[in-house]
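Residue numbers (our numbering): 1418 to 1712. Down below is the structure, laid out as structure tokens.
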Ligand SMILES: [Zn+2]
């Protein structure tokens, strides 16, 4: 390896998949280099020095060698053992899986610096590992904030279309948040004012408000966050249906043939297979009988 340029960085492991007999490709969200896919050689051998350190959710310090196509991980040290905390609890695990997948989806370009996404993910994983708040609240806060970092901050006060000061009563996914009576299209959600307050608190990190919210407002907020996220991602997040939360008002539709395995490893990309999951929730929502999303 003489003469091969090396670099160090911190990263969260987003995903891994097999490569050849003993290697893995590790998808990382790094602090300084954005999303990076790198090869970890020999990690599937039982004698591997750092195989176990490169599990999804692991927060690691890495040394990498610049490769011709993919960089090669030459050293890995655990910085925080978040993976252990997640694997010990199914609710945390599925919540973390949804976060990792969102982080990957929202960092569209490989190697484009995404330090804010990295910091947001690390903070959310820490909060989840420490049990700082209800996992569902941590996830919704993470989703809203990462959408904001990606440039899709929803408005929970002023009208998202014309800017007229709030509070307004209607939430329109496609318009980007709360919307005034003049701008209101057909088929918008009419959430409770407490739900809108909760959403705003989750976006800005006012945990004293979020932690004391009522279950029905949390459920309603989760439905709106899911719809909003899907609108922007244009196709369903694979991990969200597995998240053990309140019965969601809006479910991500999963095709019949899709395997509900909970493996974070080794799943392959089927990038063109989920086109049928495109679903616009604005005005096409499920009637749950709870009046969360009006038709
Ligand atoms: Zn308006």
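All C-beta atoms in this analysis are idealised placements derived from N, C-alpha and C, irrespective of residue type, glycine included.
Under the Cβ criterion (8 Å, minimum of three pairs), the segment 1555-1566 does not count as touching the segment 1438-1449.
Of the residues 1640, 1584, 1562, 1628, the one whose Cα lies closest to the Cα of residue 1516 is 1562. For residue 1574, the shortest separation between its Cβ and any heavy atom of ligand 1 does not lie below 7 Å. Taking every protein chain shown into account, the CB of residue 1462 has fewer than 16 other CB atoms within 10 angstroms, so this residue is exposed. Checking the DSSP bridge columns, you'll see residue 1441 partnered with 1435, 1457. Distance between residue 1472 and residue 1433, taken at the CA atoms: about 7 Å. Placement of the Cβ of residue 1440 at a distance of 7 Å or more from every heavy atom of ligand 1 is found.
Counting only unbroken stretches of 4 or more residues, the alpha helix (DSSP H) elements lying wholly within the segment 1605-1660 are 1610-1621, 1624-1628, 1632-1650, in sequence order. In the structure shown, residue 1447 falls within a strand segment according to DSSP collapsed to helix, strand and coil. Inclusion of residue 1578 in the 7 Å shell around ligand 1 follows from its C-beta lying nearer than that to a non-hydrogen atom of the ligand.
Secondary structure note for residue 1547: its alpha helix (DSSP H) is the uninterrupted segment 1532-1547.
Bounds of the beta strand (DSSP E) holding residue 1479 are 1476-1482. Assignment of beta-bridge partners to residue 1594 by DSSP yields 1572, 1589. Distance from the Cα of residue 1483 is smallest, within the candidate group 1494, 1453, 1469, 1477, for 1453.
DSSP places residue 1520 within a helical segment (H, G or I) once states are collapsed to three.
If you draw a 10 Å sphere on the C-beta of residue 1536, you find fewer than 16 other C-beta atoms in it, and that means exposed.
In this structure, residue 1534 places its C-beta atom within 8 Å of the C-beta atom of residue 1523. Exclusion of residue 1519 from the 7 Å shell around ligand 1 follows from its C-beta lying no nearer than that to any non-hydrogen atom of the ligand. Remark: three or more beta-carbon pairs, one from each stretch, lie closer than 8 Å, so the segment 1635-1643 and the segment 1611-1618 are flagged as touching. Pairing residue 1456 with residue 1436 gives a Cβ-Cβ distance under 8 Å.
Taken atom to atom, the span from the alpha-carbon of residue 1625 to that of residue 1550 is near 10 Å. Boundaries for residue 1562: no beta strand (DSSP E) harbours it, while the alpha helix (DSSP H) harbouring it runs 1552-1566, taken from the DSSP string. Only residues of its own chain outside the window of five on either side were considered, and among them 1431, 1432, 1454 have a CB closer than 6 Å to the CB of residue 1444, listed in chain order. The beta carbon of residue 1494 sits closer than 6 Å to the beta carbons of 1478 from its chain, once the five residues preceding and following it are set aside; these are given in chain order. Residue 1631 and residue 1508 have their alpha carbons spaced roughly 20 Å apart.
Comparing C-alpha distances from residue 1429 to each of 1469, 1474, 1442, 1548 shows the shortest one belongs to 1474. In this structure, the beta-carbon distance from residue 1487 to residue 1442 falls below 8 Å. In this structure, ligand 1 has a non-hydrogen atom nearer than 7 Å to the beta-carbon of residue 1600.
Taking every protein chain shown into account, the CB of residue 1594 has 16 or more other CB atoms within 10 angstroms, so this residue is buried. Inclusion of residue 1546 and residue 1499 in the CB contact set at 8 Å is warranted, their separation being smaller than that value. Within its own chain, the residues whose Cβ lies closer than 8 Å to the Cβ of residue 1496, once the five positions on either side in sequence are excluded, are 1427, 1476, 1477, 1478, listed in chain order. Spatial neighbours of residue 1527 in its own chain (CB-CB distance under 6 Å, excluding positions within 5 residues in sequence) are listed in chain order as 1452.
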